[in-house]
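Residue numbers (our numbering): 15 to 267. Ideal placement from N, C-alpha and C gives every residue a C-beta, glycine not left out. These numbers come from a predicted model, not from an experiment. For reference, the structure discussed in these notes is given below.
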């Protein structure tokens with residue numbers, strides 16, 4: 015089993031694993047030649063592409079780079095790993111070939127697309143293309159479910175997963191540079207069974223925690239705390255309340 019992350023550009027800082035699982039290897043793909051770690055195996059990747067492109071390539075296509083492992087756990091570089099990674103990998107790979115955390119706010123890709131439009135993450139042309147030429151044209155159902163793709167457990171060498179991931183990659187590269195706008199659609203289109211994990215980086219569990227991306231850490235400790243609490247809103251009622259308030263308060267986002 016392998017646990018891996020990808021860190022390209024100066025987007026985040028790599029967090030050490032507090033309790034490494036002896037059944038897992040920990041790998042970080044990166045272009046940061048001076049990056050060192052006591053718990054991650056650092057693999058330097060030379061490239062001429064944008065950092066986001068490289069991150070998504072390693073995130074989406076583990077079968078190309080990690081074929082020697084039967085199962086993988088991908089995490090974004092801001093996810094804190096706790097313990098027993100082999101336990102959660104083993105649990106979910108017995109249930110499905112791919113598992114992702116349940117989204118903490120939405121359960122519908124149509125709603126996610128509208129959110130991305132309203133927050134300027136995609137433009138109107140891409141939005142209408144997604145809705146009309148892909149979702150509606152293929153009769154993709156609303157409320158199908160929504161994952162947060164910052165954690166992905168896969169049997170990545172499974173033929174159905176390889177096919178789905180290659181399609182996901184093509185969709186990301188050619189249609190919309192937001193991977194959450196395509197994964198659920200691709201899994202549905204290819205009839206791939208999936209699991210929405212209850213353990214997320216947002217709630218209290220034995221496996222994962224969440225830290226703010228580097229660019230969201232403010233000089234103001236209050237603003238940083240509010241952002242962190244909002245991001246981890248499923249941990250307790252106070253954080254949930256802060257999250258709801260901040261959803262309507264653009265100044266602190």
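Status (buried if at least 16 other CB within 10 Å, exposed otherwise) for residue 6 = Here the chain comprises residues numbered 15 to 267, so residue 6 is not present and cannot be evaluated.
ask   = What are the start and end residues of the beta strand (DSSP E) that includes residue 166?
value = 165-168
query = For residue 88 versus residue 79, is the C-beta spacing smaller than 8 Å?
reply = no
query = Is residue 268 helix, strand or coil by DSSP?
reply = Outside the shown range of the chain (15 to 267) lies residue 268, about which nothing can therefore be said.
query = Which partner residues does residue 19 have in the DSSP bridge list?
reply = 42
query = If you scan the region 52-140 from start to end, which runs of the beta strand (DSSP E) of 3 or more residues do you find wholly inside it?
reply = 55-58, 86-89, 93-95 and 112-115
key: Exposure label - residue 255; buried when at least 16 CB within 10 Å   = exposed
Where the alpha helix (DSSP H) through residue 185 begins and ends = 173-188
message = Using only CA atoms, which one of 18, 126 and 210 lies nearest to residue 113?
response = 210
query = If you draw a straight line from the alpha carbon of residue 96 to that of residue 222, how long is it in whole angstroms?
reply = 6 Å
ask   = Where DSSP assigns a beta bridge to residue 217, which residues make up the other side?
value = 248
key: Residues that residue 35 bridges to, as DSSP identifies them   = Per DSSP, none; premise fails for residue 35.
key: Buried/exposed call for residue 31, threshold 16 Cβ in 10 Å   = buried
query = Which of the three DSSP states, helix, strand or coil, is assigned to residue 223?
reply = strand
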